[in-house]
Amino acid sequence: MADYTADKIRNIAFLGHGGSGKTSLAEAMLYLSKGSDRLGKVTDGNTVCDYDPEEIKRGFSLTLAIAPVEWEKVKINIIDTPGYLDFAGEAIEAVRVADASVIVVDGKAGLEVGAELGWEYSDDEGISRAIFVNKCDDPDFDFGRVFSELRDTFGTSVCPVFIPFKNGNEVVMVDLIEMQAFKYDDKGNRTAAEMTDAMKSDAEKYKEAFNEAIAETSEELLEKYFGGEEITKAEAIGALNHGITTGSIVPVYCGSAAKFWGVRALLDAIAHAFPSFIDKGQETVIDGDGVKKIDVDPNGPTSLFVFKTIADPFVGKMSIFKVMSGTVKRDDTLKDLKTGSSVKMAHIYTIKGKKQTEVEALHCGDIGVVTKIADINTNDTLSASGSVEYKKIVFPHPYMVKALLPAAKGDEDKISQGVARLLEEDPTLVYENNAETKQMTIAGMGDIHLDVVVSKLKNRYSTSVVLETPRLAYRETIKGSSDVEGKHKKQSGGSGQYGHVKMRFSHGEAEGLTFTQSVVGGNVPKGYYPAVEKGLLEAMQKGVLAGYPVVNLAADLYDGSYHPVDSNEISFKLAAKLAYKAGLPLANPIILEPIGSLKVTIPDALVGDAIGDLNKRRGRVLGMNPHEKKKGYTVIEADVPAAEMADYTISLRAMSQGRGRFDFTVDRYEEAPANVAQKIIAEAKVEE
């Protein structure tokens with residue numbers, strides 16, 4: 060591949076719903092540009108971008124993949140992303156380094172949530188967008204309906220440029236700038252075609268929408284548009300290019316990736332009209348606790364941003380980066396801003412799917428790979444100056460939590476090692492070895508995400524695991540009070556053991572143990588008070604109902620007795636434990652369950668369904684407010700027991716078709732209802 064400078068490089072993220080054809084579009088571009096000698100098909104498991112065994116087995120993308128395409132003397136780095144919501148982190152990584160996105164929409168299914176999220180991700184990152192309506196070879200495609208959905212949802216910035224018409228058994232594509240129709244053969248080659256009167260009439264309607272969109276790019280064109288004057292071809296092209304670069308216009312192209320229809324037109328547009336990294340002008344860097352913008356400098360000091368890590372079991376750790384300024388050359392030494400250590404770029408590569416090609420240098424805006432550098436990870440900045448740190452990717456928090464159990468005894472270490480590798484490449488996974496519940500847990504974005512984790516652990520790291528519902532960290536406390544004594548007496552020849560305490564137990568205000576002493580007359584010497592307190596603290600690790608830790612306990616030592624020879628600290632410690640075991644069952648012990656604060660973002664039309672679902676989960680709705688940024692969405696705030704949230708990720712996704720989102724934070728404990736407490740106690744007895 061030729062050496063490309065910053066102005067000749069385009070980084071394009073392919074976004075959209077699962078099954079819309081993003082990977083197929085990338086394959087078509089690779090084939091047409093002679094970047095691949097065969098047209099890979101997802102169904103055949105031989106595509107360039109879906110190369111992981113798990114992707115081939117499942118038939119859809121799981122991670123982002125890079126596919127460089129050379130077209131019209133421009134290098135287009137396609138960043139193909141998964142469409143399934145479980146792998147949203149991959150799309151977010153892609154838009155962080157993309158200069159523009161192409162949102163792929165199924166011409167039959169229409170606008171789906173994956174496309175809406177792609178728009179949102181692009182909007183959040185401030186990059187240009189285009190839309191490709193795919194599968195126009197499907198007999199049931201309906202471009203008119205799809206375009207109406209796009210405009211209704213995203214507004215008049217959505218600008219038709221290349222549109223399809225059904226003409227009997229044929230599909231004809233019309234270029235609205237040229238007002239020229241084309242038809243395609245089986246290899247994607249196009250020839251001019253005649254437009255029928257009906258097609259001309261419909262094309263004029265789309266042309267009006269085109270003119271309306273481009274007129275918004277300048278005062279001059281706006282005056283022409285409202286004055287009824289004709290906008291020239293040169294003006295239209297200039298306005299379209301300017302609008303795409305600034306993001307004020309979102310062009311709509313169409314075609315069929317499987318048959319190459321419209322793919323050349325999209326490639327031409329990307330090469331000639333889409334922005335490069337230097338066209339973007341500025342990049343966001345970290346400035347203290349905030350961020351600021353700096354100018355993109357292709358001639359400045361070399362700096363890289365690592366946006367993706369792959370833990371390849373054969374190649375080793377692969378760090379995929381974007382050159383943010385300057386030029387990186389083989390054997391360059393850069394500083395890792397996180398650790399302050401020096402990193403030698405002994406070998407740098409470009410990557411196409413899983414194939415790496417070593418290069419001598421990569422210029423500003425380009426994407427490359429370094430391998431086997433253990434200390435760098437996703438979100439790291441490498442810099443020659445050591446003074447600039449780029450804005451980090453913010454990943455969504457995973458809430459689908461499962462306990463990770465070894466299928467065979469003794470595999471715990473292998474599991475931890477395998478999971479550590481997976482965590483390096485997927486920041487949307489969270490692993491915890493919970494000391495309290497004595498379980499390893501893994502949190503992911505959904506059930507498919509976690510199923511992939513299980514498969515990768517087995518196939519990559521030869522360790523089989525089972526996923527189960529994790530145990531929750533309940534608590535116990537008392538609501539009443541009791542007055543008891545504990546006496547430990549042991550005589551077995553020689554020195555004996557004697558400790559005797561009288562205690563009052565009640566609910567304490569502090570979270571832990573509130574220990575007081577009101578002994579009079581020295582019946583219990585002060586030197587034994589610490590032993591009594593220690594005995595209680597140890598006993599509180601296990602409650603009397605279900606064995607969960609006890610909180611908010613007040614204990615007053617008011618009397619007792621001792622033996623001048625046989626009493627010692629151990630004796631009083633054991634006496635305190637006996638008093639604890641006798642006193643708590645008499646003081647109305649209760650189970651406390653973890654309660655969390657929930658914020659659900661849901662389309663307005665589904666608010667009633669969401670509240671009904673929360674009521675079934677024992678939730679308390681605290682309030683509702685319109686979303687600050689997302690029109691047509693409501694934020695519901697509620698308190699919900701953590702025990703009821705295990706499957707909420709899946710339920711909310713099903714309820715809202717993937718449009719709903721939530722944040723959940725456990726922040727306190729409350730008394731569990733009697734029926735729930737009975738169930739918790741029964742389960743604890745089974746586990747004993």
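Residue 60 is where the sequence shown starts when you use the working numbering, and the numbers rise one by one after that.
Every residue, glycine too, gets a C-beta built ideally from N, C-alpha and C.
- With a beta-carbon spacing of about 6 Å, residue 80 and residue 163 fall inside the 8 Å limit used to define contacts.
- Where residue 556 is concerned, there is no enclosing alpha helix (DSSP H), although the beta strand (DSSP E) around it starts and stops at 556 to 566.
- Taking a contact as a CB-CB distance under 8 Å, the pair residue 75 and residue 142 counts as one, their CB atoms being some 6 Å apart.
- The beta carbon of residue 708 lies closer than 7 Å to those of 458, 459, 505 in the same chain, with the five residues before and after it left out.
- By the CB criterion at 9 Å, residue 186 and residue 211 fall outside the cutoff.
- Distance from the Cα of residue 378 is smallest, within the candidate group 576, 484, 471, for 484.
- Contact between residue 525 and residue 545 is absent: CB atoms are separated by about 43 Å, not below the 8 Å threshold.
- Straight-line spacing of the CA atoms in residue 562 and residue 738 works out to 31 Å.
- CA-to-CA, the gap between residue 169 and residue 201 works out to about 8 Å.
- Taking a cut-off of 8 Å for Cβ pairs, the stretch 595 to 608 and the stretch 643 to 661 touch, as three or more such pairs fall below it.
- Cβ neighbours of residue 306 within its own chain (closer than 6 Å, five residues either side excluded): 187.
- Excluding residues up to 5 positions away in sequence, 74, 150, 151, 154 lie with their Cβ nearer than 7 Å to the Cβ of residue 180 in the same chain.
- Counting the other Cβ atoms within 10 Å of the Cβ of residue 199 gives fewer than 16, which makes it exposed.
- Going by DSSP, residue 545 is part of no alpha helix (DSSP H) but of the beta strand (DSSP E) stretching over 541 to 549.
- No residue range can be given for residue 600, since it is assigned to no alpha helix (DSSP H) and is classified by DSSP as neither H nor E.
- The criterion of a C-beta distance shorter than 9 Å is not satisfied by residue 395 and residue 405.
- Remark: C-beta atoms of residue 174 and residue 311 do not approach each other more closely than 9 Å.
- Taking 9 Å as the cut-off, the Cβ atoms of residue 382 and residue 363 count as close.
- Checking the DSSP bridge columns, you'll see residue 698 partnered with 656, 679.
- In the structure shown, the three-state DSSP call for residue 82 is helix.
- The residue among 534, 372, 558, 503 with its C-alpha nearest the C-alpha of residue 489 is 503.
- Contact between residue 408 and residue 342 does not hold, since their C-beta atoms are separated by about 23 Å, which reaches or exceeds 8 Å.
- At a cut-off of 4 residues, the continuous stretches assigned as alpha helix (DSSP H) that sit fully inside the stretch 494 to 532 are 506 to 520.
- Scanning its chain for C-beta atoms nearer than 6 Å, with the 5 sequence neighbours on each side dropped, one finds no residue around residue 182.
- Taking the Cα of residue 348 as reference, the smallest distance to any Cα among 451, 299, 268 is reached at 451.
- Collapsing the DSSP output to three states places residue 293 in a helix.
- Looking only at 237, 131, 359, the smallest Cα-Cα distance to residue 385 is reached by 359.
- Counting C-beta atoms within 10 angstroms of its own C-beta, residue 69 has 16 or more neighbours from the protein chains shown and is therefore classed as buried.
- By the neighbour-count criterion, in which a residue is buried when 16 or more other Cβ atoms sit within 10 angstroms of its Cβ, residue 97 is exposed.
- Under the DSSP assignment, residue 708 falls outside any beta strand (DSSP E), being part of the alpha helix (DSSP H) whose first and last residues are 707 to 715.
- A direct Cα-to-Cα measurement between residue 466 and residue 478 gives close to 15 Å.
- As the crow flies, the alpha-carbon of residue 138 is around 14 Å from that of residue 147.
- In summary, residue 204 is exposed, with fewer than 16 beta-carbon neighbours lying within 10 Å of its beta-carbon over all protein chains present.
- CA-to-CA, the gap between residue 277 and residue 286 works out to about 14 Å.
- Under the rule that a run must span 4 or more residues, no alpha helix (DSSP H) segment is found entirely inside the stretch 405 to 460.
- Note that the C-beta distance between residue 557 and residue 595 is not below 9 Å.
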